[in-house]
Structure formats: structure tokens, C-alpha cells
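Protein chains: 2
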Amino acid sequence: MYQNIVFKGVGTYHPATKTSNSYYIKHFKSMGIDVSGLIEHLGRNTRCIADAKNENAVTMAYQASLKALLTSNVQPEEIDIIIFGTDSPEKLIPSNALLLHDRLNTVNAHQIFDLNSNCIGMLSAIDVASRLLQSNTRLNKALVVGSFLGSFISSKSDPVCYSNMADAAAAVILERVEEPYKRGFIDTNFKTDPVVKDAFQFPACGFSKLYDNETDMEDKKLRLDPFDTSFICKEWVDLMQVLFERCNISKYNIKQFFFSQFSKPDAETTLDLMSVGLDKYTYIGNKYGYTGLTSPIIAYNEALINKSIDYGDYVVFCTVGAGYNICALLYRL
Amino acid sequence: MYQNIVFKGVGTYHPATKTSNSYYIKHFKSMGIDVSGLIEHLGRNTRCIADAKNENAVTMAYQASLKALLTSNVQPEEIDIIIFGTDSPEKLIPSNALLLHDRLNTVNAHQIFDLNSNCIGMLSAIDVASRLLQSNTRLNKALVVGSFLGSFISSKSDPVCYSNMADAAAAVILERVEEPYKRGFIDTNFKTDPVVKDAFQFPACGFSKLYDNETDMEDKKLRLDPFDTSFICKEWVDLMQVLFERCNISKYNIKQFFFSQFSKPDAETTLDLMSVGLDKYTYIGNKYGYTGLTSPIIAYNEALINKSIDYGDYVVFCTVGAGYNICALLYRL
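Residue numbers (the working numbering), protein chains in the order written: chain A, 1 to 333; chain B, 1001 to 1333.
Below is the structure:
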């Protein structure tokens, strides 16, 4: 028998307010910048934007977690672990995990923390939660939640960030189950190389300058020095190849790939380099914008809804975070 | 043979600038507040305060990590995992772990992330790192680092925070070794109960209000609504008792206890409740101030220097974080 760590259920949350490409084209046109080519290239259409007055990382995570509990048919008191992934938290003290614990009334979730590895954060958190459940048989269920407020941290004068980033939360309930064959969380492969550590910074000035009166407001938000991201395609291919060899599986056995939803062409180039058909991936960055760490999980949820994946299928999550670090995660439904 | 996860070495960093009780007594006297009784009660004498212009969470973590590598006789390229614990980060994007990776040139540390569970953060991170190493035999060594800038996040008009909190970093190198008997990381016990979630908040206004012009500067920093912390003593006793029962060990076999260094009387009351002698704990909160998540590790380092613990000894780390959550961790040298 195998001790499998499986996704018991997934929940996502998208704010009610939708914005379309035309809003951003008009916004930046007034500054003399044409973003139409960029947003079309990356694959945008609509985005969902949080209500800055009433929503934040914790409220969005709460909504996604409620849905994940519902689809899992799990009660809050069954949760043992909460890992809250975010790089746009509401608080640093107390942790967002603790604030979520309070809202959900997860009275038995004693091991809880926030985790930040930027846009690979939900995959990192799923890896950590899976290994905590594997190595500690007193614990049975984990809630992994990611929350991203891209619209809030972006400066309205940054054409790449403001016109592409959006807001969302996603949650997954993981459970340890005993089964006669191996499935669920299989393995991960990570790579970190901080060569573009300065390209993408929030707060750009650093917390150590955040309270200085001399620091410009724009410098207190997210700053992107644009760079060509397409090198990531070859990196992803190498990362997945090592993972597939380790797990003794062929890329042709993967039913669906869930990439970062930042750039549609980067996902498609990666599949081309692997000679894998473009029907093997799910793109939702057109509907929801780029929602950071939540984006591969939202794509997975879409594939569940579309029934393009089913029990027994192998799937791969593959994404990239600021700096950069990359992660590929192999999962069997 | 046992696969033990052991502390290969520890490093600490304290900024050069020292402040004494008289500075804080004078500072608050000018506001009509007498803090002399409070700081004496909690056990303060001197504190080390970072240079706000040139130091931040990452620079301090770098100094502590260099010392930990040196005392461990480990090269940066041997590190596989970096977990950076902090609730006073320098950046949210990229992660502080990635910025530290860049400075240390830990070229093979591919699984890296920031972890925040406030003042229990280093114990949480040691638990996670230990279990990642236990469950993934491709990984051999982890760097767990904590960095706390208490002086920076505190408002200068908050008598409890500003007069007690100080700045420090601590780092531990963990390694998996095969040995004929069980030692190293043994087990943890956590408890979370968000009953005092509003008592201690940073930023007090939340990030969602941090950029509002109407938000008062004081509200953008740490806010403490003082409450009696002494209930934690009984909580710690219960937490440790469960851990000892699980691990089949008597409290009388513990050579040293390393508590949160926030309150000397809380540590002593806890030992009294357990009928354990006051020679069994190490207090350094008089020399270094309260340094958040780093404080139990700095106490451990002091015990190593003082030779009050030795190879084969059992020790317990036991601390509390905002909200609250508590953790006890059993380790055998």
C-alpha cells in the first residue's frame, strides 16, 4: 500500500469587477504608451480586479478556502496544517495564515505559516505540505492557499505590471490516503538562479526605505525593469526532463501541462521545444489576467471543470518566480 | 541506522550599536511615560540596534549565515535548501531567501523560500527543513535563517515594543547524517489559537491601507494593544508535556530549555510550574533585547559558547508568536 498525498478538492476566487484590454490601452495611451501589442502578445482579454476598500489577501484566500472545503466535503476542524502563500500579504504580524485560521475556524490546524517564493509559491507550498504529511503521520489534511493582489501592488504607470496583473486566490485541500498504487503528489524539481534579482522588486525601495519621507510613492510599489522572459522556455524543458527521468515517465504520458499564466507564447514555445501538442495545456490568462502564484492552480481547476483531465491522469505544474526560481511538480489524479 | 537531521553549526549576528535601559527611560519620560518598571520586569539591560541606513533583514541574515557556514565547515555550494524566516522582510518580491542566495553564492540551493510564522518562525522553519530532508534523500543540507528588525518596525511612541525589541539574525545549518542512534531533530508540538489576533499587528493598517494618504504614519507600523502574556506559561507546560509523552522522555532529562526571550518571568514561571530548576534555562534577553524569532536560537548559541550543553544532551526550544501560536521542539545534540 502507498501513503498518497492527494488533492481532495480545489477552490478559486476571482473578484467581481472585470476590466478589459480597452481600459488599459486607453489608460496608457493618455501617457503616450501603446500597450496594445504587449497585452495581445501575452494573451490577455479580461481580468478580475479586487475592491481595494473591502478586499485583501486574507479575504480572497478565505473565499477560495471555503470553496475548496466545500468541493472536498471537508469540515474546517479536519484541517491540520495551513500554508498561506503570498507576496502581497495583508499583514506581516500576525501571519495571514493565522488570520485565515481565525476566519475559517480551523480549530485543529496548529501548524500554520505563510510561505513566500513569489510566483512559484503555491507549488512550493504544495511540496512542503505533501512532505509534512508524508513525514508526520499524526497530521492528515493540509490547506494550501495562495492569494495575489497584482492590481494593488502595481504602479498605475507601469505598463507591463498594471496592464497584465490581476487579483485572485486559489486553495487546495491535501489529504494523506492509503491506496494500492502510487498517485497524488509524485515529486518536484526546483531551480534557483538569482541572475534577474533586480528586475522585479516590491517594495522597490525595500522596507528599510518604505517609511522615509524622501522615498517617492512610485518607488514604494512594484518595479519591473522589463527583460526578455523567453529564456525560461528552455529552462522549463530541462527542469521537466529531469523530473520525468527521476519519475520514470514520458512527457507523452502527461495529460495536461499547467504553466505560469503570464505569457501564452512562453507556454506554447515550451511545448513546441518538447514536441508536445498545444492541446496538452490549459490557458486561462486571457480570462483572469496574470494572477501570480495562483495561476497554475486556477488553470488546473479550469481543466477539472472542462473535464480535460480525469482520475488516473498525470499532470505537470510548471512555473517561474521573480529573481528567478522555477518549479515543476508532477501529480497524478 | 538512523537518518538523523542534526545542527551542523549555528551563527548569530548582532548589530554594533548598543542601547541601554537609560536611553528608553529618558525617551519615554519626555512623553510622560515611565517604562523603568516594565523593562526591569521583563529582564532588559542592553540591546543591539541595526543601522537603519545600511542594514536590513537580508544584510543581517547574510552575516549570521556566513558565521553558521564557518562554524559548520560547510561551503555555500553544499547547501540544498534555504528557508528564510522573518516578519520584517526587506522585500516581498523577490523573496529574501533569493536575495540571500545571491549574496552567499549558494549555487546549488534550488529549493528556497521565506517563511513567516512570526516569533515561532525559526522553530517552524527548522521543523519544515528537517522534514524536507527526511522525506527527500536527494537533499542533504539546509540553511535556516531568521532575521528580525524589531527596532525598525516599532513606533517610537510604543512603550512596550520600542523599549524591548531589538535587532538580530540567527542561522542554523542542518544536515542529514546516518548514525547508529537517534539524535538531532526529534519532534515538535504546535498549538494555534487566534484569540489575540488583534493585539499585535504590522502594518497596523494592513497593506491594503498602507499607501493611503489618509493613513497615519503611526498606523503603518507595529501596533501592540498590551495584554497579560502570563497565560502562556500554562500553555507552554501543556505543550511540552504532550511532546515529552510522545517522545517518551522526562522533563528532568532536558539539559537546557530555550524559551522566547521576551519575558524572563514567563520563562521562570513555566519552569516553576514544571518543578524544573532555574539553572536549566538560558536567558540572553538582558544582553540582546527581544529579538523575535531569532531569540531561542541565540539562547542556544549562548549555551554552546558557555558549554552548558554538550553532545548527547536533550534540549527544548519553546516559544510564542503573535496571534497566538506556540511551538515546542525537542532536539538532541
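The beta carbon of each residue, even a glycine, is placed where N, CA and C say it ideally should be. Keep in mind it's a predicted model, so treat the numbers as computed, not measured.
For the stretch 1139-1150 of chain B, the beta-carbon criterion of a distance under 7 Å to any beta-carbon of chain A is satisfied by none of its residues. Rounded to whole angstroms, the Cβ separation of A:S275 and A:F185 is 27 Å, and the two are not in contact under 8 Å.
Chain B has a Cβ within less than 9 Å of the Cβ of A:M217. A:A170 sits away from B:S1095, with the two beta carbons spaced by 9 Å or more. DSSP links A:V195 through a beta bridge to no other residue. A straight-line Cα-Cα distance of about 27 Å links A:S154 and B:S1155. For B:T1192, a Cβ of chain A is located within less than 9 Å of the residue's own Cβ.
Beta-bridge analysis with DSSP links A:V35 to no other residue.
The count of Cβ pairs closer than 8 Å, one atom from the stretch 1139-1150 of chain B and one from the stretch 1064-1074 of chain B, reaches three, so the stretches are in contact. With the criterion set as a beta carbon lying under 7 Å from some beta carbon of chain A, the members of the stretch 1106-1129 of chain B are A1109, H1110, Q1111, I1112, F1113, D1114, L1115, N1116, S1117, N1118, S1124 and V1128, in sequence order. Relative to the Cα of B:N1105, the nearest Cα in the group B:L1042, B:L1066, B:T1012 and B:N1253 belongs to B:L1066. Look at A:I93: its C-beta is under 9 Å from a C-beta on chain B. Judged by their CB atoms, B:D1225 and B:F1200 are nearer to each other than the 9 Å cut-off.
Runs of the beta strand (DSSP E) spanning 3 or more residues and lying entirely within the stretch 1031-1114 of chain B occur at 1046-1049 and 1081-1085, in chain order. A straight-line Cα-Cα distance of about 5 Å links A:L330 and A:V316.
Interface criterion met: the Cβ of A:Y211 is under 9 Å from a Cβ in chain B.
Counting the other Cβ atoms within 10 Å of the Cβ of A:V242 gives fewer than 16, which makes it exposed. Judged by pairs of C-beta atoms under 8 Å, the stretch 1102-1117 of chain B does not touch the stretch 1201-1210 of chain B, as fewer than three such pairs exist. The beta carbons of B:M1122 and B:I1005 sit no closer together than 9 Å. Counting every other CB atom within 10 Å of its CB across the protein chains shown gives A:M60 a total of 16 or more, marking it as buried. One finds G1206, F1207 and S1208 in chain B with Cβ atoms closer than 8 Å to the Cβ of A:E90, taken in chain order. DSSP places A:T270 within a helical segment (H, G or I) once states are collapsed to three. Taking C-alpha positions only, B:L1271 is separated from B:P1194 by approximately 25 Å.
B:R1223 is bridged by DSSP to B:Q1201.
For A:I297, the uninterrupted alpha helix (DSSP H) run begins and ends at S295 to N306, by DSSP.
Under a criterion of Cβ atoms nearer than 9 Å, no residue of chain B is adjacent to A:H14; the nearest Cβ is some 18 Å distant.
Below the 7 Å Cβ cutoff, chain A contributes R131, Q134 and S135 as neighbours of B:S1135, in chain order. Residue A:K197 holds the alpha-carbon nearest to the alpha-carbon of A:S117 among A:G43, A:A50, A:G285 and A:K197.
Under the Cβ distance rule, A:Q75 does not count among the residues neighbouring chain B, no pair being separated by less than 9 Å. Assigned with DSSP and collapsed to three states, B:D1212 falls in coil, not helix or strand. Secondary structure note for B:C1327: its beta strand (DSSP E) is the uninterrupted segment N1325 to R1332. The beta carbon of B:R1183 is closer than 6 Å to those of N1004 and R1332 in its chain, skipping five residues each way along the sequence.
With distances taken between CA atoms, B:V1145 lies nearest to B:A1057 out of B:A1057, B:I1249 and B:Y1311. DSSP places A:C233 inside the alpha helix (DSSP H), whose first and last residues are I232 to C247.
The beta-carbon of B:F1152 is placed less than 9 Å from the nearest beta-carbon of chain A. No Cβ-Cβ contact shorter than 9 Å links B:F1148 with B:T1019.
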